[in-house]
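Colleague:
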Amino acid sequence: MLASIAAFTGRFGFRTDQGRIGAAAWRQGTLFLAVPLAVLTLIWFVLAPFTQHDLARTPFLAWGTMAAFVYLLLYAFAILLIAICHYNLSAKRWRDRGWRFPGALAGLLPIAVLISGAAHWLQPREAEIISYWYVAGIDFALGAVIAWNAVELGCLDTAGP
Numbered sequence: 012m013l014a015s016i017a018a019f020t021g022r023f024g025f026r027t028d029q030g031r032i033g034a035a036a037w038r039q040g041t042l043f044l045a046v047p048l049a050v051l052t053l054i055w056f057v058l059a060p061f062t063q064h065d066l067a068r069t070p071f072l073a074w075g076t077m078a079a080f081v082y083l084l085l086y087a088f089a090i091l092l093i094a095i096c097h098y099n100l101s102a103k104r105w106r107d108r109g110w111r112f113p114g115a116l117a118g119l120l121p122i123a124v125l126i127s128g129a130a131h132w133l134q135p136r137e138a139e140i141i142s143y144w145y146v147a148g149i150d151f152a153l154g155a156v157i158a159w160n161a162v163e164l165g166c167l168d169t170a171g172p
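Under the working numbering, residues 12 to 172 are what the sequence shown spells out, in order.
The structure is reproduced here in structure tokens:
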């Protein structure tokens, strides 16, 4: 499988949304992007508590806090890069499925993931304004988009020319 992923990334890459790919290539490319995203997210969950910095108890230059925020900067860059790559991958697959506006549909999953992440980040900080049910609704919509993309792009055959 790694050889096929290497061939996929070497041949098409995630650089452009032009072209067409099949369901198997979309699944491989999505897995190729999901694994580093999961690893980077797990690292962030470990480092996130270090971002809580109280100057009354810790020195101004706490190395753990600085390292956590440097990682956050790199993590944000990686998330945006992975979102762009998945957009390009999905646009190729939507085009192969024969949909009229592949660019708009390909952007639906990355934007839903980014909105969900933003809601999860903002809700604990603004709990009086944003209720948990708002975040749960966004997560439900994200789950629906993920399921639709998985079936439409990962399971169904090519629609036509």
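For glycine and all other residues, C-beta sits at the position ideal for the given N, C-alpha and C.
Alpha carbon to alpha carbon, how far is C166 from W144?
Modeller: The alpha-carbon atoms of C166 and W144 are separated by roughly 32 Å.
Colleague: Of all the options G118, F112, R111 and P113, which has the alpha carbon lying nearest to the alpha carbon of H97?
Modeller: Considering only alpha carbons, the answer is G118.
Colleague: Taking only the alpha-carbon atoms, compute the straight-line gap between V162 and L42 and give it to the nearest angstrom.
Modeller: Cα to Cα, V162 sits roughly 15 Å from L42.
Colleague: What is the C-beta distance between Y86 and W55, in whole angstroms, given that I count them as a contact (C-beta under 8 Å)?
Modeller: About 5 Å separates the two Cβ atoms, so the contact holds.
Colleague: Whole angstroms are fine: how far does the CA of P70 sit from the CA of A152?
Modeller: The straight-line gap from Cα to Cα measures roughly 42 Å.
Colleague: With contact counted as at least three CB pairs below 8 Å, one residue from each stretch, are the segment 59-67 and the segment 76-84 in contact?
Modeller: With a cut-off of 8 Å, the segment 76-84 and the segment 59-67 count as touching, because enough Cβ pairs lie within range.
Colleague: Could you spell out the range, first to last residue, of the alpha helix (DSSP H) harbouring E163?
Modeller: That run of the alpha helix (DSSP H) goes Y143 to G165.
Colleague: Quick one: is S15 buried, meaning 16 or more other Cβ sit within 10 Å of its Cβ, or exposed?
Modeller: With a pLDDT of 49 at S15, under the threshold of 50, the modelled position of that residue is not reliable, and no figure is offered here.
Colleague: Do R104 and L164 have their CB atoms nearer than 8 Å?
Modeller: Yes, the Cβ-Cβ distance between R104 and L164 is below 8 Å.
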